[in-house]
Amino acid sequence: MKTYKLLLLLGCTLFVSCNDFLDRPPVDKFTDEEFWQTETQARLFLYSIYPTLFGGFGTAQNPSWLEDVGDDAISAPIQNPYAPNIIPETDGSWGFTNIRKANYVIASAPRLNEPEATINHWLGIGHFLRGYFYSSLTFQYGDVPWFDRVMQQSDEKEDMDYLYKDRDPRNFVVEKNIEDFKFALNNTVRVNDGKLQINRYVVAALVSRLMLREGTFQKYYLQNPEMAEKCLELAKTASEIVMAGPYQLAPNYKSLFTSDDLSDNPEIIMYREYSDKTVKHYMVNQCYDIEQNGASKSLLESFSRSDGFPVYYNNEYWFAPTATDFFTNRDPRLSYNFRPKYYPVGGSNAPYGYSRSGYSLRKFTDDEWETSNPNPKNRGQNITDAPCLRLGEVLLNYAEICYELEAITGKDLFNQEVLNSTINKLRARVNMPNLEEIGGAPAINGVVYDDPARTKWEPTNDVPSMLWEIRRERRVELCYENGLRSADLKRWKKLDYLCNQHNPDYRYGAYIVLDDFPSAVKDGIVLTGVISPDAQQDASLSEGYILRNTGTARNLPQPKNYVKPVPNSQISLYKSYGYTLSQTKEWQSEN
Numbered sequence: 034m035k036t037y038k039l040l041l042l043l044g045c046t047l048f049v050s051c052n053d054f055l056d057r058p059p060v061d062k063f064t065d066e067e068f069w070q071t072e073t074q075a076r077l078f079l080y081s082i083y084p085t086l087f088g089g090f091g092t093a094q095n096p097s098w099l100e101d102v103g104d105d106a107i108s109a110p111i112q113n114p115y116a117p118n119i120i121p122e123t124d125g126s127w128g129f130t131n132i133r134k135a136n137y138v139i140a141s142a143p144r145l146n147e148p149e150a151t152i153n154h155w156l157g158i159g160h161f162l163r164g165y166f167y168s169s170l171t172f173q174y175g176d177v178p179w180f181d182r183v184m185q186q187s188d189e190k191e192d193m194d195y196l197y198k199d200r201d202p203r204n205f206v207v208e209k210n211i212e213d214f215k216f217a218l219n220n221t222v223r224v225n226d227g228k229l230q231i232n233r234y235v236v237a238a239l240v241s242r243l244m245l246r247e248g249t250f251q252k253y254y255l256q257n258p259e260m261a262e263k264c265l266e267l268a269k270t271a272s273e274i275v276m277a278g279p280y281q282l283a284p285n286y287k288s289l290f291t292s293d294d295l296s297d298n299p300e301i302i303m304y305r306e307y308s309d310k311t312v313k314h315y316m317v318n319q320c321y322d323i324e325q326n327g328a329s330k331s332l333l334e335s336f337s338r339s340d341g342f343p344v345y346y347n348n349e350y351w352f353a354p355t356a357t358d359f360f361t362n363r364d365p366r367l368s369y370n371f372r373p374k375y376y377p378v379g380g381s382n383a384p385y386g387y388s389r390s391g392y393s394l395r396k397f398t399d400d401e402w403e404t405s406n407p408n409p410k411n412r413g414q415n416i417t418d419a420p421c422l423r424l425g426e427v428l429l430n431y432a433e434i435c436y437e438l439e440a441i442t443g444k445d446l447f448n449q450e451v452l453n454s455t456i457n458k459l460r461a462r463v464n465m466p467n468l469e470e471i472g473g474a475p476a477i478n479g480v481v482y483d484d485p486a487r488t489k490w491e492p493t494n495d496v497p498s499m500l501w502e503i504r505r506e507r508r509v510e511l512c513y514e515n516g517l518r519s520a521d522l523k524r525w526k527k528l529d530y531l532c533n534q535h536n537p538d539y540r541y542g543a544y545i546v547l548d549d550f551p552s553a554v555k556d557g558i559v560l561t562g563v564i565s566p567d568a569q570q571d572a573s574l575s576e577g578y579i580l581r582n583t584g585t586a587r588n589l590p591q592p593k594n595y596v597k598p599v600p601n602s603q604i605s606l607y608k609s610y611g612y613t614l615s616q617t618k619e620w621q622s623e624n
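Under this note's numbering, residues 34 to 624 are what the sequence shown spells out, in order.
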């Protein structure tokens with residue numbers, strides 16, 4: 034990983050241009066047909082793809098991990114329509130350069146002057162990469178053209194017909210993804226290929242994530258239980274490969290996010306390495322002195338009480354007038370992820386930046402650094418490693434996969450044994466009570482319960498109480514990680530959680546008393562004393578919930594909000610060569 038920059042340059046030299054054909058299937062020709070002779074050369078080529086697979090914290094000042102587009106973050110001042118709300122001219126996500134690279138690996142691996150097992154390893158890597166990148170395309174666009182070979186630059190009709198082929202059905206491509214993933218998992222990709230290299234466990238962890246994503250999207254949005262079952266079965270197999278592997282949960286939850294060296298952490302399957310001599314990042318600054326958009330009341334109230342029950346259980350009027358009241362007797366992960374003190378706009382927040390919701394993210398930093406070693410927080414000079422894949426996520430995947438498969442097939446797949454081997458291991462790490470299943474419902478110490486928030490935000494009662502708890506555990510354990518929450522809302526067909534009128538708690542931050550803060554705070558905060566979809570701003574209040582969103586709400590999601598349109602420039606490009614590229618069916622009426 035330290036050699037990312039050099040290897041990115043190497044990757045570019047293998048193409049006519051590093052950014053050619055980003056918006057259409059590329060037709061450029063590799064300049065070095067003799068490149069793939071040794072495994073070292075194959076490994077060097079693969080590094081050009083690693084930053085896409087394992088972006089980590091990135092290097093930008095606003096890391097994508099901060100999840101500012103999901104309901105974990107407080108709503109923006111005015112809710113704009115879902116993006117995109119019109120068909121764009123261009124879209125950098127619609128591109129096949131990485132598909133071409135994957136096909137190049139598959140085509141080139143047999144040329145290696147290496148043993149058969151080595152060749153098979155790189156064939157497996159190629160098939161995995163093709164499945165990975167196509168999974169991303171189908172999740173965004175649905176139907177996409179399927180390319181299974183490297184195209185050479187040519188004006189021959191056969192080549193042009195292939196290059197400018199129309200979109201293939203989503204399920205056809207998903208079936209191909211399943212084939213590619215199975216090829217990679219079935220004794221081809223090595224179990225161990227050295228530090229920071231893709232191995233079978235890395236492949237399995239990503240297949241677990243991607244096939245759970247596709248399987249649940251198939252179930253809830255496409256309403257195709259047969260395809261959902263196929264995807265979830267593969268996700269289950271992949272998860273079991275990881276769970277049977279050499280990994281175990283790290284004893285300390287915080288160590289996953291505040292370490293300069295994750296190489297020895299037993300939970301980490303893959304990480305992005307940073308160093309003061311190579312690549313650095315801003316993530317620690319995001320938890321220190323850079324102003325935060327702020328987490329939502331919706332997220333922080335998802336953390337249960339320390340007795341394992343939801344905050345509103347047996348107390349539908351639960352209310353915490355101070356930060357101390359709010360953070361006391363709660364799931365310890367609440368304080369691991371957020372400072373148990375409010376830091377609103379205009380407050381005396383030093384050494385930390387303010388949070389527009391008052392809730393201050395601390396997940397990726399250790400506050401003790403402020404006195405013991407301030408260097409890790411120097412702006413843009415952060416070197417903590419980023420956990421890209423960890424066992425904790427796979428355990429959560431497995432619990433959800435088993436539940437969803439049982440719901441589809443009727444087989445006894447989800448039970449107390451599954452809970453004990455997944456969610457309850459995560460809870461034990463932070464000394465939380467076990468989650469139990471009694472008669473299909475959640476329970477703590479033999480007491481069956483149903484979170485009142487479930488029916489409050491799910492008036493159609495379409496999320497069973499046990500599934501609600503599985504999803505809660507995922508939200509809590511993985512909060513602000515890898516942009517996973519946004520993908521979760523889409524695959525569950527729950528983008529309505531991003532609408533003020535459906536989820537008012539998305540609008541609100543901490544409950545504060547203005548007199549507890551300097552007078553300057555009054556110029557930057559709007560409060561509300563009423564929690565409802567129609568709550569209005571009230572500048573005269575002396576205390577109340579921080580109201581971030583004071584504008585009108587966006588419309589509830591439509592089918593087109595779950596799948597992206599093909600950019601107009603691509604349709605025009607096809608047309609200019611006499612070919613047709615179909616627009617996404619949910620967007621065809623927009624033309």
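By construction, the Cβ of each residue, glycine as well, lies at the ideal position given by its N, Cα and C atoms.
- Under the three-state reduction of DSSP, C421 is assigned to strand.
- Of the candidates V559, Y165, S454, the residue whose Cα lies closest to the Cα of D213 is Y165.
- DSSP, read as helix, strand or coil, puts P475 in strand.
- When the beta-carbon positions are compared, M260 and N204 come within less than 8 Å of each other.
- The closest CA to that of L428, considering only K458, F78, E439, is found on K458.
- Here Y610 is exposed: its Cβ has fewer than 16 other Cβ atoms, across all protein chains shown, within 10 Å.
- Here S272 is not near N118, since their CB atoms are 8 Å or more apart.
- T249 counts as buried, since no fewer than 16 other beta carbons sit within 10 angstroms of its beta carbon.
- Three or more Cβ pairs drawn from the stretch 335-344 and the stretch 475-494 lie within less than 8 Å of each other, which places the two stretches in contact.
- Uninterrupted beta strand (DSSP E) stretches at least 3 residues long and entirely within the stretch 128-200 do not occur.
- When Cβ pairs closer than 8 Å are counted between the two stretches, the stretch 222-241 is seen not to touch the stretch 251-258, the count staying below three.
- Your pair W490 and N536 checks out as a contact, with CB atoms roughly 6 Å apart and the cut at 8 Å.
- If you draw a straight line from the Cα of G380 to the Cα of Y286, it is about 30 Å long.
- The secondary-structure analysis by DSSP pairs N415 across a beta bridge with H314.
- K597 sits in coil when the DSSP states are folded into three classes, being neither helix nor strand.
- Per DSSP, M303 is one residue of the beta strand (DSSP E) stretching across 301-305.
- Residue burial annotation: T493 is exposed, with fewer than 16 other C-beta atoms found within 10 angstroms of its C-beta.
- When S390, C532, T398 are compared, the shortest CA-CA separation from Y369 is found for T398.
- Exclusion of the five residues before and after P592 leaves E619 as the residues of its chain whose Cβ lies within less than 7 Å of its Cβ.
- Annotation for G577: no alpha helix (DSSP H) segment contains it, though the beta strand (DSSP E) segment containing it runs 576-580.
- When rounded, the separation of the alpha-carbon atoms in F447 and E437 is 9 Å.
- Assignment of A356 by DSSP, reduced to helix, strand and coil, places it in the helix class.
- Every unbroken stretch of the alpha helix (DSSP H) spanning 4 or more residues and falling wholly within the stretch 451-530 is given here in chain order: 456-462, 485-490, 498-510, 517-524.
- Secondary structure of P373 (DSSP, three-state): strand.
- Between A474 and the set P497, N464, T455, Y375, the nearest pair of CA atoms involves P497.
- Looking at I158, Y513, P121, R389, the one whose alpha-carbon comes closest to that of I82 is I158.
- Per DSSP, the continuous alpha helix (DSSP H) segment holding A271 begins and ends at 258-276.
- For G542, the uninterrupted beta strand (DSSP E) segment begins and ends at 541-546.
- In the pairwise beta carbon analysis, the stretch 571-586 is classified as touching the stretch 540-550: at least three pairs are separated by under 8 Å.
- The Cβ neighbour count for I111, taken over all protein chains shown within 10 Å, is under 16; the residue is labelled exposed.
- Taking a C-beta distance under 8 Å as the contact criterion, D529 and P598 do not qualify as a contact pair.
- In this structure, S339 places its C-beta atom within 8 Å of the C-beta atom of R363.
- For the pair Y612 and S331, the CB atoms are not nearer than the 8 Å cut-off.
- Assigned with DSSP and collapsed to three states, S393 falls in strand.
- Counting the other Cβ atoms within 10 Å of the Cβ of D104 gives 16 or more, which makes it buried.
- Cα atoms of A116 and L422: separation of roughly 28 Å, rounded to the nearest angstrom.
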